[in-house]
Amino acid sequence: MSMNVPRRIPYLVLIAVGAVAVFVILVLSGRVTWFSTQPPVEFLNNMDHNRKAIPQSANGFFADRRSVRDPIEGTVARGLEVYPLGMGDIDLVDSVNIDPALERTAFVMARGQNRFNVFCSPCHNYDAKGNNRITTGRGQWMGIPDLTREQTGALTNARIFHIISAGQNLMPSYADKIAPIDRWAIIYYLRSLQGDAALGQ
Amino acid sequence: MFSRRFDMAVKLGGAAVGAVAGIVFLVIYFGVRNDVADVGYRPEQPVPFSHKLHAGNLQISCQYCHAGVEVSGHSPVPTTQTCMNCHTIVLPESPQLAKVRESYEKGEPIEWVRIHKVPDYAHFPHARHIRAQIDCQSCHGPVEQMGVVSQYKPLTMGWCLECHRNPEANIVGARPISGVFTGQMHDMKDLKDSTYIYKPIAAQVQESEPMVVPSFGNSMSALPAHSVAGIPHPKKAGLGPENCSSCHY
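In order, the protein sequences belong to chains A and B.
For the first sequence, this note's numbering assigns the number 497 to the initial residue and increments by one for each residue that follows.
For the second sequence, this note's numbering assigns the number 810 to the initial residue and increments by one for each residue that follows.
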């Protein structure tokens, strides 16, 4: 009867099977992440994907497959303030860019700092002195000015608003990323960084 | 009754069938659950953009490219123009950026592969969460350490509710790298009239009431006194709503 019982228990096989089982259970229970370049398999997709246009997705309804449509010619989206001047219209800045003269409360200055650190600091650095962290040591982008120098301090607020909105030479326009009121907050904050050099305000 | 061999074969066969069924059950049971299936999805993108380089090493904050996330439900994937803000000067010839230049010249968008998606019948308004000073990392993981981005959290309803009910344990508070506006000055300068004081999320959660019945008109409420029309003011962080219509609308 007991003649058929194996004489030695195959420990190695047992350990291997156990290890595989533990691994499979860990992966399946989400304790180890299993990276995959393939989209997740959906056995039942539970109406997760409708054929509606969701922002920035491909949608077969349109010939170019873009769910984000360009505005119809001659129209502007509601609430969108388009900056009317081009890069060269420097003469018009004082009549177009009217400083709302917000009270410089801690809230407004914090906003200015936040937006400056997000959008300007990559090139101009946190202290606006221009030794930016993107190209430092690589010599790729020379000529980013120190905004705390007197020449920049002498620019009027309206002029700086114009530089942010329309760009200047190699500095791109930030009109699409920063709302007008935030641009003014940035300018106030920049003035506080400029300290003594801030003549233009 | 049966021969010993037949008996053995039945036993082994039974064990094999049981094992296979068990594995199939495990795979299907866990495989259809999004918390397991979706996490770790790491598609290959058309351009080998590295968040680790841009956000991690260069410390460009999330909102530089994903600008507008404070005011819209959707967190925008940046335009090609955004890449070209720097890459007209920085590495203008790089072959890895060929697709970016081509897209810029032709005016055709780059087809980035979407990783994070909640079902189409549920809504995750980014602006509401960002303005509650919740850091991007809370849901997307440490993206600034990812060379290739993968999904980090399951984004299931259970996961949403877990955080709505118990935010302190799950929320990462706003960090400077994300660019989330807290209304607080980070270092640099201290203003004399510092009337607006940022309260840590844990403290804000302590004060909040559970929201289990639908409430309307929140977005119409008056601006706080320190705020300025047009600047998205930070809102109080706290318990998230638990009523169905908050997300399924």
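Every residue gets a Cβ at the ideal spot worked out from N, C-alpha and C, and that includes glycine.
Residue from the options with nearest C-alpha to residue i
i, options, result
"B:R1039", "B:E879, B:G831, B:V922", "The question names Arg, but residue 1039 of chain B in the sequence shown is Gly. The residue with the shortest Cα to Cα distance from B:G1039 is B:E879."
"B:A876", "B:Y913, B:A936, B:E953, B:N866", "B:A936"
"A:H545", "B:H1035, B:D929, B:A1012", "B:D929"
"A:I550", "A:R565, A:L540, A:A559", "A:R565"
"A:V578", "A:A681, A:K673, A:G691", "A:K673"
"A:P668", "A:E646, A:G582, A:I677", "A:G582"
"B:Q1013", "B:K1045, B:C972, B:G882, B:R984", "B:K1045"
"B:V886", "B:W968, B:Q854, B:P904", "B:Q854"
"B:Y873", "A:R547, A:L522, A:N628, A:S617", "A:S617"
"B:T888", "A:Q552, A:V572, A:P567, A:D595", "A:Q552"
"A:H620", "A:V572, A:L666, A:M543, A:L540", "A:L666"
"B:P951", "B:F834, B:S859, B:S812, B:G831", "B:S859"
Presumed contact (8 Å Cβ cut-off) between residue i and residue j, rounded CB distance
i, j, result
"B:I924", "B:P852", "6 Å"
"A:L689", "A:T644", "6 Å"
"A:P641", "A:G626", "6 Å"
"B:G992", "B:H1042", "7 Å"
"A:F612", "A:Y685", "5 Å"
"B:V829", "B:K908", "Contact flag wrong, Cβ pair sits at about 46 Å."
"A:V592", "A:L598", "At roughly 18 Å, the Cβ-Cβ gap does not stay under 8 Å, so A:V592 and A:L598 are not in contact."
"B:A846", "A:V537", "6 Å"
"B:C948", "B:G1049", "Incorrect: roughly 12 Å between the Cβ atoms, too far for contact."
Within chain A, partners of residue i - CB distance below 9 Å
i, result
"B:H935", "Going along chain A, no residue has its Cβ under 9 Å from B:H935, so there is no contact; the nearest lies around 11 Å."
"B:P885", "P551, Q552"
Neighbour list for residue i in chain B, Cβ cutoff strictly below 7 Å
i, result
"A:D544", "P928, D929"
With 16 other Cβ atoms within 10 Å as the buried cut-off, status of residue i
i, result
"B:S1054", "exposed"
"A:V516", "exposed"
"B:D1002", "In this predicted model, B:D1002 has a pLDDT of only 38, less than 50, meaning its place in the structure is not dependable; the value taken from the coordinates is given anyway. Per the 10 Å Cβ criterion, exposed."
"A:F531", "exposed"
"A:G575", "exposed"
"B:D816", "exposed"
"B:G827", "exposed"
"A:E569", "exposed"
"A:G608", "buried"
"B:P953", "In the sequence as presented, Pro is not what sits at residue 953 of chain B; that position holds Glu. It is buried - the Cβ of B:E953 has at least 16 other Cβ atoms within 10 Å."
"B:L906", "buried"
Contacts that residue i makes with chain A (C-beta to C-beta distance below 8 Å)
i, result
"B:L1097", "Any question about residue 1097 of chain B goes unanswered here, given that chain B covers just 810 to 1058."
"B:C945", "Correct list: empty, because the minimum Cβ distance to chain A is about 13 Å."
"B:R851", "F531, S532, T533"
"B:N894", "P668"
Closer than 8 Å at the beta carbon, the chain B residues around residue i
i, result
"A:R562", "P918"
Cross-chain neighbours of residue i in chain A, by beta carbon under 7 Å
i, result
"B:S959", "F531"
"B:Y1058", "Correct list: empty, because the minimum Cβ distance to chain A is about 14 Å."
Cross-chain neighbours of residue i in chain B, by beta carbon under 9 Å
i, result
"A:I677", "V1037, A1038, G1039, I1040"
Examine the Cβ distances between the segment 975-983 of chain B and the segment 937-946 of chain B and report whether three or more of them are shorter than 8 Å. With the cut-off at 8 Å, the segment 975-983 of chain B and the segment 937-946 of chain B touch.
Is it the case that the segment 655-675 of chain A contacts the segment 584-601 of chain A, given that we only count it when at least three CB pairs across the two stretches are under 8 Å? The count of Cβ pairs closer than 8 Å, one atom from the segment 584-601 of chain A and one from the segment 655-675 of chain A, reaches three, so the stretches are in contact.
Below 8 Å, how does it come out for the segment 864-872 of chain B and the segment 960-970 of chain B: are there three or more Cβ pairs, yes or no? Result no; under three Cβ-Cβ pairs closer than 8 Å.
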